[in-house]
């Protein structure tokens, strides 16, 4: 069953990799090489073989295995038995699975809505050259250094209703059962997930914001544009490509988010945080219903591919040219 | 240039993400710190291998297997140690694929039945006769499937009982643990008005401590036959009025604030429920006998001062259940893998008969606050542990029925459905009737 976790995990981010044109760096560094020049000397296609083999062995084949397993009944012992579409019918009609899908979509939208604006603002702020900004940046990046498991355990201890933060500071309003009440658990998780990943996305935006030529801002200044209007008319449009990258990563990352939730709530209370990856795990490794777990795994993989594909198409990935031309 | 930068960042992050996703998924099932007598965990041609659980009885097992290897260099024991959850995830696929260790650790019950059905373990009825004669009979029963022994106990009896903080009880003017369910409700009220917000400590996030409540409530109301029917595959037993009654009582307790309002994120693995007792924030806790070891290590002064009390689960007025009936884990068990070679099986069986429950073994268990499952164990109880161990031992020995907890006795799919729905009963999200129909549907 590890195949399904790997299958879904490894295959889902694939579109993110796909949209990176393998020849982009070569073309970018030698702009005079002709954009669509036929017969231009380039790296041999054979160089891609090891990576493709790796991808086939660890992503494609397990993914196919999961698809096959989703039509079988298997409890981990004995031999899998083919049972047709029974698993699919059962899982798709299961309110727990439907709830998982709902929660996953909700979590995806919420993380995107919270993380994107904060990361852009932080990233643009950190792109400045002042010394204190560099110092603050170091602090912001700290969460990037911690493993998800460690973060989960630490926050679980901090949010403990009896022996957590509230008790340490004597603040009674903090003494809530953050991870144990259906209405509170999801927002609490959302907070931790954002805490974990905003630094990473800020880093992307910081890099991108530093690439914006100063000349653009100088020109705008001469035209009498203020701080806010330069942000909306220069910075944001210039960050467009990074916004696409960052949101693809966020969406795909949330679709497969598992470790933090597993450690902090285990899907509870009730099924309030039983998102799809967790649902898959619990079905597979707790109930040993490998067939049903595979169904959930396939749905996650398809959903991830679909969303990434849509995002690429809608954002006009194919004609993603430099925004600086003509500047 | 921007494109170059983005390409690199994109590629790197995509890879990281892929790795992170794999890591996240693989982590819980990875082996937890493999150490062992002979290392590697692979059985020698004439020796045997064992996967041992970390935690309470790890020292006992480690010492025993190492001493065995020293004395039997020609048939050495190799051991690997796993944490509870990672073990449970790994063992099933290992057994299913024929890669199991020679000795398979289990809780017997539903999993053992699956092993027997798939011929993964060997019949030990005749070969471990010497050992069986020493084991408390109510415990030995759990290792049998269709009257044949497929698993033998290897550590301590783990009956579930009611722990109390005597100090908190007496502050609310209560002298003894509740004897009946009505008394329990009454004491909850008294504790509440004495300012105890969480009269009963409950590790709600772990779910299985919630199971102990319904197990005992149903047993006290209807007797042990009701669950035996369920375990034997009769789903109509779920419809018994005692089941609805027990679930209703749980919701009654929840509404009365018996568990406070902060039990949903408390976990038992971290000992957070026991901490509520020894820090004086709760008065009662329904938990397994193994938690006594937690009290010994986490709050030795609390135990020494005699503030920790214990009692059986209260009876229900008019209930049919025998008050001596006990729920819990009768013990952990060893089975012998059918995929091991005959020589390896022989070596393992020899260890089961001769290597276990000797003086060192018993002393190690008792020192950790554990109740060994051999009939002759009582003479070993000494010191401050004596009172509790004697109590738990008598509880095990005198039980008319020592029932393996539901989540171990039933199939994994059934127990997951029960735990999931029971969690919702405690949250008042579903009615007892909804619980019954949801659980009944799962085979």
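Protein chains in written order, with this note's numbering: chain A, 300 to 626; chain B, -16 to 426.
Glycine is no exception: its CB is placed at the ideal position from the N, C-alpha and C atoms.
Just mark residue i as buried or exposed, buried being the case when its beta carbon has 16 or more other beta carbons within 10 Å.
{"i": "residue 414/A", "result": "buried"}
{"i": "residue 526/A", "result": "exposed"}
{"i": "residue 151/B", "result": "buried"}
{"i": "residue 459/A", "result": "buried"}
{"i": "residue 596/A", "result": "buried"}
{"i": "residue 148/B", "result": "buried"}
{"i": "residue 476/A", "result": "buried"}
{"i": "residue 357/B", "result": "buried"}
{"i": "residue 532/A", "result": "exposed"}
{"i": "residue 562/A", "result": "buried"}
{"i": "residue 198/B", "result": "buried"}
{"i": "residue 418/A", "result": "buried"}
{"i": "residue 557/A", "result": "buried"}
{"i": "residue 280/B", "result": "exposed"}
{"i": "residue 319/A", "result": "Low confidence applies to residue 319/A: its pLDDT is 44, below 50, so where it sits in the model is not reliable, and the reading given next is rough at best. Answer is buried; the Cβ neighbour count reaches 16."}
{"i": "residue 23/B", "result": "With a pLDDT of 43 at residue 23/B, under the threshold of 50, the modelled position of this residue cannot be trusted; read the value that follows with caution. Exposed: under 16 other Cβ atoms inside 10 Å."}
{"i": "residue 179/B", "result": "buried"}
{"i": "residue 25/B", "result": "exposed"}
{"i": "residue 494/A", "result": "exposed"}
{"i": "residue 233/B", "result": "buried"}
{"i": "residue 224/B", "result": "exposed"}
{"i": "residue 376/B", "result": "buried"}
{"i": "residue 156/B", "result": "exposed"}
{"i": "residue 468/A", "result": "exposed"}
{"i": "residue 418/B", "result": "buried"}
{"i": "residue 245/B", "result": "buried"}
Spatial neighbours of residue i within its chain, please: CB distance less than 6 angstroms, with the 5 preceding and 5 following residues excluded, ordered by chain position.
{"i": "residue 265/B", "result": "181, 184 and 259"}
{"i": "residue 368/B", "result": "352"}
{"i": "residue 614/A", "result": "543"}
{"i": "residue 400/B", "result": "422 and 425"}
CB residue i to CB residue j, shorter than 8 angstroms?
{"i": "residue 297/B", "j": "residue 167/B", "result": "yes"}
{"i": "residue 403/B", "j": "residue 570/A", "result": "yes"}
{"i": "residue 518/A", "j": "residue 538/A", "result": "no"}
{"i": "residue 393/B", "j": "residue 214/B", "result": "yes"}
{"i": "residue 315/B", "j": "residue 137/B", "result": "yes"}
{"i": "residue 591/A", "j": "residue 585/A", "result": "no"}
{"i": "residue 408/A", "j": "residue 559/A", "result": "no"}
{"i": "residue 480/A", "j": "residue 568/A", "result": "yes"}
{"i": "residue 272/B", "j": "residue 192/B", "result": "no"}
{"i": "residue 439/A", "j": "residue 501/A", "result": "yes"}
{"i": "residue 317/B", "j": "residue 134/B", "result": "yes"}
{"i": "residue 410/A", "j": "residue 549/A", "result": "yes"}
{"i": "residue 473/A", "j": "residue 465/A", "result": "yes"}
Enumerate in chain order the residues of its own chain whose CB-to-CB distance from residue i is below 8 angstroms, with the five nearest sequence positions on each side excluded.
{"i": "residue 35/B", "result": "41, 44, 45, 48, 62, 63, 64, 65 and 88"}
{"i": "residue 38/B", "result": "66 and 67"}
{"i": "residue 434/A", "result": "none"}
{"i": "residue 324/B", "result": "28"}
Whose Cβ in chain B lies nearer than 7 angstroms to the Cβ of residue i?
{"i": "residue 480/A", "result": "247"}
Strictly below 7 angstroms CB to CB, what residues from chain A border residue i?
{"i": "residue 406/B", "result": "567, 568 and 569"}
{"i": "residue 321/B", "result": "Ordered by position in chain A, no residue passes the 7 angstroms Cβ test against residue 321/B, which lies about 12 angstroms from the chain."}
{"i": "residue 504/B", "result": "With chain B covering only -16 through 426, there is no way to say anything about residue 504/B."}
{"i": "residue 410/B", "result": "481, 568 and 569"}
{"i": "residue 103/B", "result": "376"}
{"i": "residue 399/B", "result": "581, 585 and 586"}
Give me, in chain order, the residues of the same chain whose beta-carbon lies closer than 7 angstroms to that of residue i; leave out the 5 immediate sequence neighbours on both sides.
{"i": "residue 490/A", "result": "none"}
{"i": "residue 218/B", "result": "423"}
{"i": "residue 220/B", "result": "209, 212 and 213"}
{"i": "residue 18/B", "result": "For residue 18/B, the pLDDT reaches just 35, beneath the cut-off of 50, and the residue's location in the model is therefore unreliable, although a value from the coordinates is still provided. Excluding residues within five positions, the ones whose Cβ falls inside 7 angstroms are 64."}
Please compile the residues from chain A whose C-beta is within a distance smaller than 8 angstroms of the C-beta of residue i.
{"i": "residue 72/B", "result": "584"}
{"i": "residue 264/B", "result": "461"}
{"i": "residue 429/B", "result": "Residue 429/B lies beyond the stretch modelled for chain B, which goes from -16 to 426, so this question has no answer here."}
{"i": "residue 259/B", "result": "461"}
Kindly identify the DSSP beta-bridge partner or partners of residue i.
{"i": "residue 385/B", "result": "309/B"}
{"i": "residue 123/B", "result": "Answer by DSSP bridge pairing: none, since residue 123/B is not bridged."}
{"i": "residue 63/B", "result": "34/B"}
{"i": "residue 271/B", "result": "143/B"}
{"i": "residue 163/B", "result": "298/B"}
Starting from the beta carbon of residue i, find every residue of chain A whose beta carbon is closer than 9 angstroms, and list them in chain order.
{"i": "residue 95/B", "result": "What residue 95/B touches in chain A: nothing, since even the nearest Cβ is about 12 angstroms away."}
Find the residues of chain B that neighbour residue i, judging by a C-beta separation of less than 8 angstroms, and give them in chain order.
{"i": "residue 476/A", "result": "244, 245, 246, 247 and 248"}
- Message: Please identify, using Cβ separations under 7 angstroms, the residues of the stretch 71 to 91 of chain B that lie next to chain C, in order along the chain.
- Response: Looking at the structure shown, chain C is missing, and the protein chains on hand are A and B.
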